Amino acid sequence: MRAGATADAPASGPRSAKPRLLYVEDEPETAAMVVEVLSDEYDIDHAATGEEGRRLALGRRYDVMVVDRRLPGMSGVDLLHAVRTARIATPVIMLTALGAVDDRVSGLDAGADDYLVKPFDFAELRARLRALRRGRGPAADRRELGDWVFTPGTQALYSPATGRLALTQAETALLELLTSSPEHVFTREEIVDAVFPGGSAATVDTYVHYIRRKSTPEIIETVRARGYRAGAPR
Ligand code: CA
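Following this line, the structure appears as structure tokens:
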């Protein structure tokens with residue numbers, strides 16, 4: 001079932017000025033309520049299964065997605081993983097069951113930008129959606145880094161092959177500096193001053209090594225006798 005099929009604006013019809021929202025939810029009553037509440041503000045496609053959600057997510061462009069964690073067949077986490085490995089950076093809110101901490105963590109690990117615990121308040125959902133679309137969510141700051149997407153706000157790297165990698169605070173700070181000026185070659189001294197006060201050139205080399213080991217060597221480029229810079233896409 002797709003709300004797009006029942007709403008008055010078909011996929012191929014005139015462009016709506018409303019932001020496009022993909023909503024993946026298997027519970028018909030919840031789905032009907034959410035679609036009704038949000039349809040004044042969003043142009044909504046509703047999918048009742050993870051498979052249908054994936055098909056839509058990979059085939060059309062959305063401004064924001066709301067994905068239930070627990071779906072029959074393909075789970076919300078699997079769907080989200082498919083979306084992120086396709087390098088689709090659309091903000092996603094995951095809906096999780098009350099008290100299911102594991103659900104919440106696995107959702108964020110899979111690349112969700114925010115989560116909301118069921119049952120939720122519609123006003124809260126609206127507010128979270130607006131915040132994400134205005135780029136105020138923790139994952140709003142997205143930077144290309146080689147073949148990866150780096151989100152300083154969530155201390156994470158995403159790659160098509162690996163999915164999400166968690167970074168430490170120091171690793172995040174180092175990548176934040178390098179991506180702040182992607183063409184610039186930062187000397188070890190500059191990096192120490194900005195990221196590791198009281199540290200040494202060896203500290204910089206160590207953290208570069210950590211980041212490369214957990215991702216890929218090309219993520220940071222070594223410029224001989226000068227320093228380091230952000231890796232370029234291959
Ligand atoms: Ca469900």
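Numbering (this note's numbering), first residue to last: 1 to 234.
For each residue, glycine too, the CB sits at the ideal point set by N, CA and C.
Note that this is a predicted model, so its numbers are computed, not measured.
message = Nearest by alpha-carbon distance to residue 170: which of 192, 48, 143 is it?
response = Proximity to residue 170 across 192, 48, 143 peaks at 192, based on C-alpha coordinates.
| Whose C-beta lies closer than 8 Å to the C-beta of residue 189 among residues of the same chain, with five residues either side of it excluded? | So the list reads 201, once near-sequence residues are dropped.
Inter-residue spacing [alpha-carbon to alpha-carbon] between residue 158 and residue 217:
Those two C-alpha atoms are separated by around 15 Å.
Between 36, 33, 219, 227, which lies nearest to residue 184 when the distance is taken from Cα to Cα?
Residue 227 is the option with its Cα nearest to residue 184.
Taking Cβ to Cβ, would you say residue 50 is nearer than 8 Å to residue 24?
In this structure, residue 50 lies near residue 24, with their beta-carbon atoms less than 8 Å apart.
| message | Give me, in chain order, the residues of the same chain whose beta-carbon lies closer than 7 Å to that of residue 12; leave out the 5 immediate sequence neighbours on both sides. | response | Note that residue 12 scores a pLDDT of 45, beneath 50, so its modelled location is shaky; the value from the coordinates is reported in the next line. Result list for residue 12: empty, nothing under 7 Å.
**Item:** Coarse secondary structure for residue 166, derived from DSSP in three states
**Value:** DSSP places residue 166 in strand when its eight states are reduced to three.
What residue from 96, 37, 22, 146 has the CA that sits closest to residue 58's CA? Taking each of 96, 37, 22, 146 in turn and checking the Cα distance to residue 58, the smallest one comes out for 22.
Report task. Please work out which residues of its chain come closer than 7 Å, Cβ to Cβ, to residue 222, disregarding the five sequence neighbours upstream and downstream, and give them in chain order. Result -> If you ignore the 5 residues before and after residue 222, its C-beta comes within less than 7 Å of the C-beta of 228, all in its own chain and listed in chain order.
Quick one: is residue 122 buried, meaning 16 or more other Cβ sit within 10 Å of its Cβ, or exposed?
Residue environment: residue 122 is assigned as exposed (fewer than 16 neighbouring CB atoms within 10 Å of its CB, all protein chains considered).
| query | Helix, strand or coil: how does DSSP classify residue 6 here? | reply | Low per-residue confidence applies at residue 6: pLDDT is 44, beneath 50, and the placement is therefore not dependable, though the value from the model is reported in the following sentence. Looking at residue 6 - three-state DSSP - the assignment turns out to be helix.
Discussion item. For residue 118 and residue 130, I'd like the C-alpha separation in whole angstroms.
Written reply: Approximately 19 Å between the Cα atoms of the pair.
Fill in: Expected contact under 8 Å - CB spacing of residue 144 and residue 233 to nearest Å
Yes, residue 144 and residue 233 are in contact; Cβ-Cβ is about 7 Å, under 8 Å.
Any heavy atom of ligand 1 closer than 7 Å to the beta-carbon of residue 183? In this structure, residue 183 has its beta carbon at no less than 7 Å from each heavy atom of ligand 1.
For this session: Can you grab the Cα-Cα spacing for the pair residue 179 / residue 94, in whole Å?
Result: Here the alpha carbon of residue 179 sits roughly 28 Å from the alpha carbon of residue 94.
field: Own chain, CB closer than 6 Å to residue 19, minus 5 neighbours either side, in chain order
entry: Here the set comprises 42, 63.
- Task: Would you grab the beta carbon distance between residue 111 and residue 164 for me? Rounded to a whole angstrom, and I think it's under 8 Å.
- Result: Yes, they are in contact, since the Cβ atoms of residue 111 and residue 164 sit about 5 Å apart, within 8 Å.
Just the Cα atoms here: how many angstroms apart are residue 181 and residue 225?
-> If you draw a straight line from the Cα of residue 181 to the Cα of residue 225, it comes to about 19 Å.
query: Buried or exposed: residue 161, going by 16 or more other Cβ atoms within 10 Å of its Cβ?
result: By the 16-neighbour rule on beta-carbons within 10 angstroms, residue 161 is exposed.
Just the residues with CB closer than 7 Å to a heavy atom of ligand 1, in chain order, which are they? For ligand 1, the selected residues are 25, 26, 27, 68, 70, 71.
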